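Using my numbering, the first residue of the sequence shown is number 11, and each one after it goes up by one. Ideal placement from N, C-alpha and C gives every residue a C-beta, glycine not left out. All figures in this text were calculated on a predicted structure; none of them were measured in a lab. Scroll down for the structure; my scribbles are underneath it.
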Amino acid sequence: MIHLLLIVLALAGLIAVLRREAGAPAALGVLTVLGIAGLVLGAPLLGLVLLIAGACVAACGLPLLRRRWLSPRLFAMFKKVAPKVSDTERTALEAGSVGWDGELFSGKPDWQNLMDMNDDGLTDKEQAFLDHQCSVAAGMCNAWDIARERADLPPELWAYLKKEGFFGMIIPEAYGGLGFSAKAQSLVLQKLSVNETLMVTVGVPNSLGPGELLLKYGTDAQKDHYLPRLADGREIPCFGLTGPRAGSDATALPDTGVVCKRVIDGQEVLGLRLNFEKRWITLAPIASVVGLAFRMFDPDHLLGDEENLGITCALIPRDTEGMEIGRRHHPIGSPFMNGPIKGKDVFVPLDTIIGGPEMAGEGWRMLVECLSVGRCITLPSGATGTARYALGWSGGFARIRRQFNLPVAEMEGVQEPLARIASMAYIAQATVRQTANMIDHGQKPAVPSAILKSQLTEFQRSLLGDAMDIHGGRAVTLGPRNYIGIGYAANPVAITVEGANIMTRNLMIFGQGAIRCHPYVLEELAAKDADDIKAFDKAFFSHTGLILGNAARALTLGLGIGRPSVPFDATAAPYAQDVARLSAGFGLAADAAMASLGASLKLREMLSARLGDVLSNLYLTSMVLKGWQEGDKVEGEDELLHYSCRFLLQRAEQAFVELFDNLPNRALARVLKPIVMPLGRRWARPQDTLTRGIAQNVSTDSALRTKLLAYTWDTQEEGQQDNPLARYNALLADQERAEPIYRNLNKAYAKGELPAEALHPEQRIEAGLAAGLLSEDDAQFMREHEAEVLAMLSVDDFAFDAFASAKENVTWHTDTAA
Ligand SMILES: Cc1cc2nc3c(=O)[nH]c(=O)nc-3n(C[C@H](O)[C@H](O)[C@H](O)COP(=O)(O)OP(=O)(O)OC[C@H]3O[C@@H](n4cnc5c(N)ncnc54)[C@H](O)[C@@H]3O)c2cc1C
């Protein structure tokens, strides 16, 4: 009995010590006390074993002892296996800040750190801009005209965007910009997502590019000259990094800038001779100033000793001699301005370098530092706005489209994609808002920017597919009445730009996070580079404590022991506790993968992607939970919270299972799985009851639908382009009155109480009126309602030769067609 008691006490004591990462002295204390107790209480062998275990802990865990024999050996081994971090990677790793992503990596997230980031909302000026200017701009967009007829935004919209400062949202008021917060920028872009060309056109100058680079690194003279001109649209910027030979691997760019002298107006000027070929550059065809990235060389040592200065960014006016600019590419689905730029022996003075000659060679650092903020906002906001509109249109369509005598929204097959869209919209809104809020609190979330970019644009891809399916032929048929087909076709743009999603998921999220967010790996690598064994010892053994702590936390939390207290209400708390559990498992699995695969983990992209998926899903769940906790809740939102958290946590667990199934070290995988998931999977896909409730809510005039469709253009003013969302909202507002009338009329028809030839709804209304089944007032209401329903269900048709741009090549197959 005493043996069992001592073993249980030893295990419980050690697990408690490990969970708290209390360190070797605490573990030594537990083992020594219980070892002595064993000797005294008649269990000498067990007592001896415990004391020997204590001696091992002391030899390996107490710094004074282990530094004599263990640490030097470990350091030598570490130097052999640690991955080599290239200068490019180091720059990327050092850019941006670590916040909630680091908490998740630690395996013991402190929720209070997240909750302390208050969301102060928008200023009055920002709110007014969203309400007025954004609605005016959205109301000037006719998607068909923009995409097919003009292949551009209309001139009056360009003028309005410039006049109202849309291109200067990130430029401070002191320079004539709007000086908006990240939250406001995000909401503006969400509202403008009603048209993807408009969103991209406004998004790009406010993202990574000349404006942001100048703000952060420009000389005073550059700022004073360019920022006011960028803010009011006198200058239109573009930024050229990509070329035919350098896409995802942007640092492989072969474009050059060689330091040289040239005589201009009788004066010798020190400058750069640029040779470059760029492609896919957004806004290039109309840009007045080109931000250009190139490799800078100084072979004649005109600047100093260094010949190869590295990647450099300069700002070059469009009319610079030798620059070829103005041709267009044709991005799929969307005619936003995009084209190639070439330059042969283009001479520019040195002061065109952003930040001046002293920033020569700093270009890559500048770009990755800026990327962390811009990438959190532009494309994720576009995806979120798209989700809001897709939900509004799909919910509206599904309710007014009747088949089999029922709105298709009542059919479970349609409810499934509707609920999926709603959940993705909910997750995206919370994630982009909370992350923008972090930026407003001064963070530069580097790893989250990769998570948001890839995850939310993948949501966009999925939910646009769902929205297309729900609409059936209504969305397949292109024309002025099709409000979604053009945006659907343009979706690959978001998937590809700012770090193509495959690479971002497989390489960036975990690859960058493993070193950047990990509490100790960066310290260990720095100790290796500095050959500092003391720093290595400290980092390495703290790291060991973390691994053991994560194992203890993952196992006990997985068994339901010692759930952490979390600052959430009863609805959200279980999910937050499970994020903490899976975060411990993630920390452990990440260390296990790094330890077992070493530098080769970089090449094992499928494993890295799954680790990235765990991190991404935990990050998204955390954002949803914070949004829930601090927002005003509406009826039915709890169902959406449950659905969204289950959807995300189920995906996180799926990624764990696939990771364990594919870890090359099978013995390690067999140990890890029962520690991380001792009771198997906890989360299944959301239940059908949730799906039904959510679909019902988002396809009716409900508080939940109103909340999810906030920050959309949902008004219809005189003189504005047609607004299908406003029309659907109006139809849904009438639905409560219309639905019972439809039902009565259809029932009467089925019973033979109405003439057999009353096949159209319009005929049934008249027949019902004649049969006394509805009042004249109801009949008039239904005539108008049904006319509007038919208008919203209608599609376009065109002349036989309308789609052929070379009319002379049209084959007129029949006489009637001719
Ligand atoms: C419409 C449009 C607008 C753009 N605007 C600009 C702009 O304004 N300025 C600018 O400089 N650039 C711009 N780009 C370029 C854009 O950023 C690049 O297209 C993007 O970085 C990807 O490069 P790529 O298309 O050459 O893909 P590639 O590099 O050829 O990659 C092909 C595929 O391989 C994958 N891949 C590559 N490397 C890895 C890896 N290590 N691991 C896993 N997968 C990998 C990629 O994810 C991708 O799926 C634009 C592109 C487009 C299409």
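Host alpha helix (DSSP H) of residue i (start-end)
i: Pro750; result: Pro734 to Ala760
i: Leu167; result: Pro165 to Lys173
i: Met87; result: Pro73 to Val91
i: Asp155; result: Counting along the chain, Asp155 falls outside any alpha helix (DSSP H), and DSSP gives it neither H nor E.
i: Ile496; result: Gly495 to Thr506
i: Arg695; result: Looking at the DSSP string, Arg695 is not in any alpha helix (DSSP H), and its letter there is neither H nor E.
i: His481; result: Ala456 to His481
i: Leu132; result: Leu132 -> no alpha helix (DSSP H), and no H or E assigned at all.
i: Arg515; result: Segment: none, Arg515 is in no alpha helix (DSSP H) and carries neither H nor E.
i: Thr101; result: Asp97 to Glu104
i: Ile431; result: Glu422 to Asp450
i: Val799; result: Glu786 to Leu803
i: Lys717; result: Ala713 to Leu718
i: Glu818; result: That residue, Glu818, is in no alpha helix (DSSP H); it is neither H nor E in DSSP.
i: Leu779; result: Pro771 to Ala780
i: Cys860; result: Here the chain comprises residues numbered 11 to 828, so residue 860 is not present and cannot be evaluated.
Continuous beta strand (DSSP E) stretch holding residue i: start and end
i: Gln277; result: Gln277 to Thr292
i: Leu325; result: Asn318 to Pro327
i: Ile335; result: Met333 to Ile335
As assigned by DSSP and simplified to three states, the class of residue i
i: Thr581; result: coil
i: Asp265; result: coil
i: Lys118; result: coil
i: Cys386; result: helix
i: Gly690; result: coil
i: Ala303; result: strand
i: Cys248; result: strand
i: Arg412; result: strand
i: Pro359; result: strand
i: Val7; result: What is shown of the chain runs 11 to 828, which leaves residue 7 out entirely.
i: Gly729; result: coil
i: Asn675; result: coil
i: Lys643; result: coil
i: Ile12; result: helix
i: Ser2; result: Residue 2 cannot be examined here, being either before or after the span of the chain that is shown, 11 to 828.
i: Gly373; result: helix
i: Ser258; result: coil
i: Lys94; result: coil
i: Ser2; result: This structure does not reach residue 2, given that the chain is present from 11 up to 828, and the question cannot be answered.
i: Ser298; result: coil
i: Pro350; result: strand
Integer Cβ distance of residue i from residue j, believed to fall under 8 Å
i: Leu3; j: Ala53; result: Since the first residue shown for the chain is 11 and the last is 828, residue 3 is missing from the structure and cannot be characterised.
i: Pro220; j: Tyr236; result: 7 Å
i: Arg702; j: Glu798; result: The Cβ separation is near 27 Å, so there is no contact.
i: Leu218; j: Cys380; result: 5 Å
i: Ser298; j: Glu222; result: Ser298 to Glu222, Cβ: 17 Å. No contact.
i: Thr396; j: Ser203; result: 5 Å
i: Phe657; j: Ser433; result: 6 Å
i: Leu140; j: Tyr399; result: In fact, because the Cβ distance is near 15 Å, the residues do not count as touching under 8 Å.
i: Ala241; j: Gly187; result: 4 Å
i: Gln439; j: Thr506; result: 24 Å between Cβ atoms; not a contact.
i: Ile351; j: Ala294; result: 5 Å
i: Gly559; j: Gly39; result: Rounded, the Cβ-Cβ distance is 17 Å, inconsistent with contact.
Contact test: residue i Cβ vs ligand 3 heavy atom, cutoff 7 Å
i: Pro341; result: Of the ligands one can find in the structure shown, namely ligand 1, none is ligand 3.
Whole alpha helix (DSSP H) elements within the stretch 200-232, 4-residue minimum
206-213 and 220-227
Evaluate the contact criterion for the stretch 456-469 versus the stretch 768-783: three or more CB pairs, one atom per stretch, below 8 Å.
no
Restricting to runs no shorter than 4 residues, where is the alpha helix (DSSP H) found entirely within the stretch 535-612?
543-568 and 583-607
The stretch 205-220 / the stretch 150-167 touching (three or more Cβ pairs under 8 Å):
yes
List, from N- to C-terminal side, the beta strand (DSSP E) runs of 3 residues or more that fit wholly inside the stretch 26-66.
none
Cβ contact (3+ pairs, closer than 8 Å) linking the stretch 370-384 and the stretch 320-336:
yes
Are the stretch 484-497 and the stretch 137-148 touching, with three or more C-beta to C-beta distances below 8 Å?
no
Does the stretch 337-347 come close enough to the stretch 502-510 that 3 or more CB-CB pairs lie under 8 Å?
Yes, since at least three Cβ pairs between the stretch 502-510 and the stretch 337-347 fall closer than 8 Å, the two stretches touch.
Give a yes or no on contact between the stretch 460-468 and the stretch 620-630, applying the rule of three or more CB pairs nearer than 8 Å.
yes
Is it a yes or a no for the stretch 724-733 touching the stretch 780-788, going by three-plus beta-carbon pairs under 8 Å?
no
For the stretch 703-722 and the stretch 751-764, state whether three or more C-beta atom pairs, one from each stretch, are separated by less than 8 Å.
no
Any 3 or more C-beta pairs closer than 8 Å across the stretch 305-318 and the stretch 173-191
no
Check whether the stretch 100-113 and the stretch 613-624 are in contact - that is, three or more C-beta pairs closer than 8 Å.
Too few Cβ pairs lie closer than 8 Å, so no.
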